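Everything on this sheet refers to the single structure shown next.
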Amino acid sequence: MNFDWSVIWTHRSALLEGAALTVGLTVLTMLLAVPGGIVLALMRLSSNKLARSASLAFVEFFRNLPLILVIYWAFYVMPMAFNVQFSPITTALVALVLNVSAYNAETFRAGINSIRKGQMEAALAIGMSRRQAMFKVVIPQAARRILPVIASTWVSLFKDTSLVSVIAVGELAYTAMQIRAQTFRVLEMLTAMAALYWLMGYPQAKLVDWIHRKYGVKE
Amino acid sequence: MNATASPPARKNAGQPPVLVYENVRKLYGDFVALKDVSLQVQKGEVMCLIGPSGSGKSTLLRCTNALETIDGGRVLLDGVPLPARESEVRKVRQRMGMVFQSFELFPHKSALDNVAMGPVTVLGMSQADARARARTLLDKVGLGDKAQNFPANLSGGQQQRVAIARALAMEPEVMLFDEPTSALDPETVGEVLNVMQKLAHEGMTMIVVTHEMSFARRVADWVVVFESGAIIEQGPPAQIFDAPTVTRTRDFLGHLGWNG
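Heads up: the protein sequence lines correspond to chains A and B, in order.
So for the first sequence, the working numbering puts the first residue at 105; every next one is plus one.
So for the second sequence, the working numbering puts the first residue at 944; every next one is plus one.
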């Protein structure tokens, strides 16, 4: 066999740009999907039946579809159905946010429900509104409790961003595949891609472990 | 004067009552938790609600500040029925402090901020003013040196005293205590009861659901005995504990080992 590892060095800037976009997509998705998850969770817990049903439908729809299908759907169907045309990156972001918001909604709902009813009552008893009690008392406690779960979602998301390569978003997976197609260096590029994902993913996984130890529920 | 024939005098009997319960009914599905309970609380009175578990005394307390909605009758504060609208209920709750069996301090806030939170969030007081008030109140309950501690680093008795300070921070007219010492280790019960007794001496109107009979005997102005969602007897502690007129009151106190 005859390997040419220099192909990685030659294309280093493209690979690093791809890696940067992978990180950027992950960060941006989470920045949107955390508030998205909170809104969906609050809708789910509200006394308004319409809000409850809408949130339930959203969550159960996007949680139970393969992410890759949502990505294709956002790319091919959304422009036709809603007459909107986004760039591939925006389309990817939409698909990822829909998916991760649905997961986060369930995480937040479980977190909010795990806070004793007495905490809400204590807040109401001193005269707070339900909204104040929720945002000042319940959610801060729930957030701490679900941080480990959100961190795990983060790591999954980081890897799942590779799926948006199917709609030609130039993140790490797409970039590596492009270089492979041009150079026919399959093994080298797949190895480089694996190394880059692993080198970025491992510290994150360690960080998640640390968060689990520090913030995990110990009761 | 015909003192022996007249009913026992209530504290501040000449003034209108602070709280009036009129035929209050509470249902949980088919279960009738309160069977048309009527009761009055006078200003500055310490009223102890006693009776077996599940007899409705905590439910009545929770109906007082609308943590539970009632299914019949009325609760009046200073002659005004409890409102139905959330925004108005909040105003009423601000006038009543509540202390829970399980403390329910906010675990993500220091003792000081637990106490300051009500004035800041609800009254819009500045952080500095609210903390100054909180410090005064923590001193009052004997925890001035624990202001920076988080609830997890306080004993049960200390947590409950912080909870009392938190309720007092809203400067309520009435304090509601829902079995405030039932979750405490025996050695810390006394420190909480002492704070409550101090409040009573200052003239705070207090409704106390309790199983601490000696506290009720010593501190209460009026004792109400519940059974199966109804009041079976009420009167001054001397009557209830020394000469109950109802057999079931005697039975209940006898079960607790109370012998006058």
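Backbone N, C-alpha and C define an ideal beta-carbon position, used for all residues, glycine too.
This one's a predicted model, so the numbers in the text were calculated from it and none came from an experiment.
- Burial state of B:Gln1091 is exposed, judged by a 10 Å Cβ sphere holding fewer than 16 other Cβ atoms.
- A:Leu276 places its beta carbon less than 8 Å from that of A:Leu300.
- Relative to the Cα of B:Val975, the nearest Cα in the group B:Ser981, B:Leu982, B:Val967 belongs to B:Val967.
- Against chain A, the beta carbon of B:Val1065 has neighbours under 9 Å at Ile230, Gly231, Met232, Ser233, Gln236, listed in chain order.
- Residue-level contact by beta carbon fails for A:Val253 and chain B, as no gap is shorter than 8 Å.
- In the structure shown, the three-state DSSP call for A:Gln245 is helix.
- With a threshold of 16 other beta carbon atoms within 10 Å, A:Ser269 meets it and is buried.
- Residue nearest to A:Gly274 within the set A:Thr114, A:Leu119, A:Ala309, A:Asn106 is A:Leu119 (criterion: CA-CA distance).
- If you look at B:Gln1102, you'll find it in the alpha helix (DSSP H) that goes 1099-1111.
- Counting only runs of at least 4 residues, the segment 159-243 of chain A fully encloses the following alpha helix (DSSP H) elements, listed from N- to C-terminal order: 171-176, 182-186, 192-217, 221-229.
- Interface criterion met: the Cβ of A:Pro244 is under 8 Å from a Cβ in chain B.
- Note that the C-beta distance between B:Leu1080 and B:Ala1112 is below 8 Å.
- Collapsing the DSSP output to three states places B:Pro1050 in coil.
- For B:Met1113, the residues of chain A that pass the 7 Å Cβ criterion are Ile230, Gly231, in the order they occur in the chain.
- Beta bridge pairing from DSSP links B:Thr1148 with B:Val1117.
- Membership of B:Met1068 in any alpha helix (DSSP H) is not indicated, and neither H nor E is assigned to it by DSSP.
- DSSP places B:Asp979 in the uninterrupted beta strand (DSSP E) bounded by 974-984.
- Within its own chain, the residues whose Cβ lies closer than 6 Å to the Cβ of A:Val204, once the five positions on either side in sequence are excluded, are Thr133, Ala137, Leu261, listed in chain order.
- By the neighbour-count definition (other C-beta atoms within 10 Å, threshold 16), B:Ala1163 is a buried residue.
- Nearest CB-CB separation between B:Leu1003 and chain A: not below the 8 Å threshold.
- Counting the other Cβ atoms within 10 Å of the Cβ of B:Gln1101 gives 16 or more, which makes it buried.
- Comparing C-alpha distances from B:Lys954 to each of B:Arg1160, B:Met1118, B:Trp1165, B:Pro1180 shows the shortest one belongs to B:Trp1165.
- Proximity to B:Met1139 across B:Ser1171, B:Leu1025, B:Met990, B:Gln1037 peaks at B:Met990, based on C-alpha coordinates.
- Nearest CB-CB separation between A:Lys240 and chain B: below the 8 Å threshold.
- Following the DSSP letters along the chain, one finds A:Ala309 inside the alpha helix (DSSP H) bounded by residues 290-319.
- Closest in C-alpha terms to A:Phe165, from the list A:Leu144, A:Val253, A:Glu225, comes A:Leu144.
- Check the Cα spacing between A:Glu225 and each of B:Ile1183, B:Glu1011, B:Leu1019: the tightest is with B:Glu1011.
- When beta bridges are read from the DSSP output, B:Met1039 appears opposite B:Val1117.
- Beta-bridge pairing by DSSP links B:Pro1180 to no other residue.
- Looking at the DSSP output, A:Tyr278 bridges to nothing.
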